[in-house]
Structure formats: structure tokens, C-alpha cells
DNA sequence: CGCGGCTTTGATGTTCATCAAGTAAAGTGG
DNA sequence: CCACTTTACTTGATGAACATCAAAGCCGCG
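Here's what the structure looks like:
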């Protein structure tokens, strides 16, 4: 893992995640975690870990945006999903596998909260409510990935592009106007198309006045039409 | 859920799953589960539950083969995965969702072991080791589904068909000769192709002497070639 | 300044879905 | 048990969708 630990300014009792998740902690466990967590800042473009690396931390994203991806023998990347604040970067293998089965790199400057995996396991093993919460939360992430995969699979090129644009606009940024955090090629790697066809489809959506494009900046001008294209295509 | 409970002949202390999974149970919990589980037999073609049904049971497959699938508004099915003995039929939503997010129906006569979801939750909440085992096991299933989705997505038609044939032969039956438990259409629904192209591709593999076809019976004559097609295509 | 990566568009060809038509197999009702 | 209906399977022809190849402009960076 690149980067150096930050000064741990975060008091875990104030962590936004606590409400949803760490409420199952006793004060004792919370103090334990708080003293032993490490926050790592990462810059756009940096790699957090690679497929095959030893799993040392349980980690989740405090801020920023990252991509989870696999690289095939020919060197082509396949993006599994894009994760944002309070998403786990560790998928479900984290307690059963010893090595990462995918790579993670940074799309927008990020802060990662890391807890030693053995300590995490200890706490999970003596706190059933926490295990349960963990399972629910990690399950939600896995289910979202599975669902997205199925949605992508059944769409044609126009539907795929519309789908991912809506994901940026609704899920990730919550606004109709945003800067794409990824290259055209990365969009292609995410939805299983070629870069050229992603570009061509974006241009067509622009010509049809569904979106406006200015480099990385995208504005969804006609969300209803985009929804229609996503659902029909 | 169709079907009527079987006489519960299985003594849970003898359950094959116990070794891998239920060892985390105290004798007390095991007895609790054992008295309160129900085994349901299902016949080929029956539906175990449908998308949208209330989740009442935590359930796993003792024997047989089932498909998990979603049906879109147009009535077209998309197969998520095929599950075999000792796979969970409940995916990770089972503790966090109230309703099923997919349907399950039977490909080969099956016996399903069902445990009331509330009882399961109670036990998980007082037995952290069990929660942990559950998370590991359910995580493995989810990860397999995600991985398969990515593998399918990156292949062309020949690669997709080769991939799923190898799955039947290696993962499900462990033999080079087997009866397909699914129709050509279901294969298509699983790997995202049209029925016609599945058939065409099978015929081509037959002409190339990679497989032999006799109705539902498939023999993989040249496994190395099939692997090559799966990895290249 | 020049190199490499990203973006864009066009031309071309392959792959794949769709349409059509027919045979085989399996289920249904009299 | 047979006629009938439906579903599954198969092949061919066609066209649309999509990948590939090629070329050029753009931008950031050493």
C-alpha cells in the first residue's frame, strides 16, 4: 500500500459510519478500534492494493472515489464497481481469503480507514451483533454489485451508457451536472464495451440533446429521456 | 412455497454441512435448530419462491439443483446462477431484506432445509462464531456469482458457451459426460445470448469434434480444446 | 518541443440478434 | 391411446449492432 498514515484526527465516536454500523460496539471495542485504526490519504491515480496482495486490513472509504477492478493476462482491465464514501473497499472475501482477488485504485482523492484484519476478526468473534451488522452491510455491497452486473448485461450499448450516466448523476453525485471521474476507456471497462463505442454513444446522446458534454463535464439535460434509453435499450 | 414438509429424518448432528459450517453451534443451538428446521422436497420444474415473496426461511440445498433468476417486466428471465448441494439458496439479503429479490426454481429434484429466519437471526445474534462462519460461507457464494458474471461478460459467444459447459463438467458434475439440466434457452438466459446462437455454437463445437451431443446429453471429447476456446474467446 | 495518452470521427468487416420455417419432442384433453 | 397443442430444438438468410482498424487533433508532462 502506498502513502503514509495521517495523523488520526478522527474520534471514532464521531464517525458518521458509527450511526449506521458501529453502534453495535461496546465503548470498550470502540476505544480498541479507535486507537488501532489508521487513516491513509490517497491521491487520484494511486493504487491502494493489487490483486494478489496479502490482506492486512479491513478497510472502508471515508471520502473520495475508487474503482475495484481485475486485470486479465493480456493486461486488459475489467472494472467491477466504483465505490464511494462509506462503502467497504474490502468485499466479502476479507475474512475468508488471505489474498485480494481484485485491485483498487483512486479516482478522486480519498481517505481510507484501515483496521488490522486480525483485530477486526477478534472483535467480530466476541460481538455477535457487530458480526451481524457487518454481514448486512457487506451483503448490501455485494448485492449491489451483482444487481449492477445483471442490469449491465441485459442492455445494449445505448442502454449501458445511459445506465452508467444515471448512476453517476443519481447515486454518486446527486446532481444532473458533474465531472466524470473516469476516462472514456474506464467507462468501457466498466460496462463491457469498446472505448470508441462509448465515445460514439456519448456523441449521439449529445446530438439528440439528452446530454451536454464539455470534456469531462457532463450535464444531463433530459433525465426522462435518459431513463427511457436506459430502460428500453 | 409449494410442497409439503418431509418427515424430518435428518439428525442435524449428522448433517454433512455441520463439518464445514455448523461446528460453531453449541449442542443447545444445534438441538434448537434441529427441532425447528423443516425439510421440503421439490420436484423438477417447481418454484421454491418468487421475486417479491416475503422472506420466511433461511434455506440451503441438501440435494438437487436449482436456478436463481430474475424476470424483467417484458417477461424475459435472466439466470443469476445455478446452485447445487450445500449451496445457500438465500443470498446475503436474507438478514437485511424483507422480500426476495430473485426467484428460485428446481432443475433437478431437490431437498431444501429451511430454518425460520427469526430463529436463525436470534441464534446468529448470540453466537458470534456462527455469524462469522455464516458470513464467510455466504460471502463465498456471493463472490462466486460476481466472479462468474465478470468471466461471462468478457467472453464472446464461443467463449461463453465453452465456459458454461466447463462449469457443468468440472464444478457441477465432475465428469466429462453429463445430461444438461437446463434447456438451450436457459443456457442463453444464463450467459446473455440468444437461444439460436447457443444452439449454433453447440453445433459448431460438435462439428469441430470438441463435444458430442445427443439431445440433453453432452460429452466433452476434447477438454483441452474447450478450455482453449473458453480462455481465448 | 516532442512523446504518449486521451478523445474523436470515419470506414470497414465481423459478430451476433432477429426473422422465418421446419422438425422433433413433450404435454393435454377427449 | 390418439389427435392436438404447445414447447423445445435446429438451420438458414438477413440486417443491425458492434468491434476493429486507421487517422488526426488535443492536452499535459518531462
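Protein chains in written order, with the working numbering: chain V, 1 to 233; chain F, 1001 to 1233.
Just so it is clear, CB atoms sit at the ideal spot from N, CA and C, and this is done for glycine as well.
Put simply, the CB of residue 1153/F is near chain V, with a gap under 7 Å to one of its CB atoms.
For the segment 173–222 of chain V, the continuous alpha helix (DSSP H) assignments of 4+ residues that do not extend past its boundaries occur at 184–191 and 195–207, in sequence order. Within the same chain, and ignoring the five residues on either side of residue 99/V in sequence, the residues whose Cβ sits closer than 7 Å to its Cβ are 52, 53, 54 and 55. Distance check between residue 179/V and each of 25/V, 48/V and 169/V places 169/V closest, using alpha-carbon atoms only. Under a 10 Å Cβ-count criterion, residue 1126/F is classified as exposed, with fewer than 16 other Cβ atoms of the shown protein chains found around its own Cβ. Note on geometry: alpha-carbon atoms of residue 66/V and residue 150/V lie some 21 Å from one another.
Judged by DSSP secondary structure, residue 1142/F falls outside any beta strand (DSSP E) and instead within the alpha helix (DSSP H) spanning 1128–1153. Taking 7 Å as the CB threshold, residue 1135/F lines the interface with chain V. Setting aside the 5 residues that flank it on each side, residue 1024/F is surrounded in the same chain by 1129, 1130 and 1133, each with a C-beta closer than 6 Å to its C-beta; the list follows chain order. Within the segment 1059–1132 of chain F, the beta strand (DSSP E) runs of at least 3 residues that lie entirely inside it are, in chain order, 1077–1083 and 1103–1116. In the three-state DSSP reduction, residue 54/V falls in the strand class (E or B).
At a beta-carbon threshold of 9 Å, the residues of chain V lying near residue 1095/F are 132, 135, 136 and 139, ordered along the chain.
Around the beta carbon of residue 13/V, a 10 Å sphere encloses fewer than 16 other beta carbons of the protein chains shown; the residue is thus reported as exposed. At a cut-off of 7 Å between beta-carbon atoms, residue 146/V makes contact with chain F. Against chain V, the CB of residue 1190/F has no partner CB under 7 Å away; the residue lies outside that interface. Residue contact with chain F for residue 150/V: present (Cβ-Cβ distance below 7 Å to some residue of chain F). By the Cβ neighbour-count rule, residue 1073/F is exposed, with fewer than 16 other Cβ atoms within 10 Å of its own. Under the 7 Å criterion on CB atoms, residue 1078/F is classed as interfacial with respect to chain V. If you look at residue 28/V, you'll find it in the alpha helix (DSSP H) that goes 27–36.
Taking CB atoms only, residue 1061/F has no neighbour in chain V less than 7 Å away. The closest CA to that of residue 1161/F, considering only 1120/F, 1145/F and 1225/F, is found on 1225/F. Its chain contains 1162 and 1166 as the residues whose beta carbon lies nearer than 8 Å to that of residue 1227/F, once the 5 sequence neighbours on both sides are disregarded; these appear in chain order.
Under the three-state reduction of DSSP, residue 1227/F is assigned to helix.
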